[in-house]
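So the structure is just underneath, and the comments pick up after that.
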Amino acid sequence: MRLRPTALFSLAAVSVLAMSSCSATASTAAADKAAASPARSTGDKPASPLSAGQLQERLLTAADLGRGYTVKPVREARHEKVTVVGCPALEKLGGEAAAGGVLDFPRRASVSFAYTGEADSEVSEDLYSDSAPKLSAASRRIFAAMASCPAYRVTIGSTPVEVATEKVPAPRLGEEHWSQTLTFTVSGRSSVVKQTAVRTGTVLVVVSGSPGLVDAHVHKAVSTARAAT
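Numbering (mature numbering (1 follows the signal peptide of the UniProt record, and there is no 0)), first residue to last: -26 to -1, 1 to 203.
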């Protein structure tokens, strides 16, 4: 079985994120101590959560990315049982959740792009909005849990996915930022995906996909998400 990089990410890693954000009311000492890499913020940020429509207007477009990018069709949501083995922190945060790459925040917009310049190169952007305290607390829990386990297994339906994670330096954007690489192995085939998340006020920007594309476009994604509509 072969899964494309962003498909792997949405089916595995973000499924785990959805599991943990569903448990947003449960705090842990590890999460409280997690280093979220705070940075000085600049510019105006919305004081209230944005609507899904407002988030949609702040997503990147193919024109923002440049030549060679095309928007990928929206995939039908899949709801399969997700289990985590080998990472107690993630197991405690979840239980089971539906696969499909959705964090459990009330307002969301997303887009995915394919890049013709390199085989199997993809990048996706997800924007979420909630109150700043809720976004901050949930994001800290999620990344603390994922960073606590360098390797674990996620089973999606009947498909086992081996996951290896590594925390990497995050760009100094927004009030909080996180970045990591994830290596997914399915049936002996591996794909490396990078994820960078930035919280700026009441908006959480998550860019994931081929490492080079994430690095190339995360600054633009954050600046566009912050822009006034």
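All C-beta atoms, glycine included, are put in the ideal place defined by N, C-alpha and C.
Computed from a predicted model, the values in this text were never measured in an experiment.
Straight-line CA distance for residue i to residue j?
i, j, result
"L109", "V177", "8 Å"
"G27", "L33", "10 Å"
"L187", "A63", "30 Å"
"R115", "S122", "11 Å"
"residue 240", "V192", "Past the boundaries of the shown model lies residue 240; the chain is included only from -26 to 203, so the question cannot be answered."
"V128", "S98", "21 Å"
"F87", "P185", "14 Å"
"S105", "S164", "37 Å"
"R200", "P107", "17 Å"
"A190", "E65", "33 Å"
"S113", "M120", "11 Å"
"Y126", "S95", "25 Å"
Could you name the residues that DSSP lists as bridge partners for residue i?
i, result
"P134", "T129"
"V56", "I130"
"E140", "T155"
"S182", "S98 and Q169"
Among the candidates the options, whose CA atom is the shortest distance from the CA of residue i?
i, options, result
"G60", "S165, D38, G175 and V135", "V135"
"F79", "G91, E65 and A111", "A111"
"Y43", "Y89, D100, S98 and V167", "Y89"
"P124", "P145, F158 and S197", "F158"
"S84", "S184, T170 and L29", "L29"
"L39", "G91, S22 and V48", "G91"
Tell me where the beta strand (DSSP E) around residue i begins and ends.
i, result
"S95", "S95 to S103"
"S165", "R163 to T174"
"A83", "R81 to Y89"
"L156", "E150 to V160"
"V48", "Note, V48: premise wrong, no beta strand (DSSP E); not H, not E."
List the endpoints of the continuous alpha helix (DSSP H) containing residue i.
i, result
"V192", "P185 to R200"
"L29", "A26 to E31"
"P107", "A106 to A121"
"L39", "A36 to L39"
Leaving out five residues before and five after residue i in sequence, what residues of the same chain have Cβ atoms less than 7 Å from its Cβ?
i, result
"L24", "R81, S103, T176 and V177"
"V196", "L147, G148, V172, T174 and V179"
With respect to 7 Å, is the separation between the Cβ of residue i and the closest non-hydrogen atom of the ligand NAD below this value?
i, result
"R41", "As presented, the structure is devoid of all ligands, the ligand NAD included, so that no description of it is given."
Grab me the residues of residue i's own chain with a C-beta within less than 6 Å of its C-beta, minus the 5 sequence neighbours each way, in chain order.
i, result
"V181", "E99, T170, V188, V192 and A195"
Tell me which residues share the same chain as residue i and place their Cβ nearer than 8 Å to its Cβ, disregarding the 5 neighbours each side in the sequence.
i, result
"S153", "K141, V142, P143, A144, P145, K168, Q169, T170 and A171"
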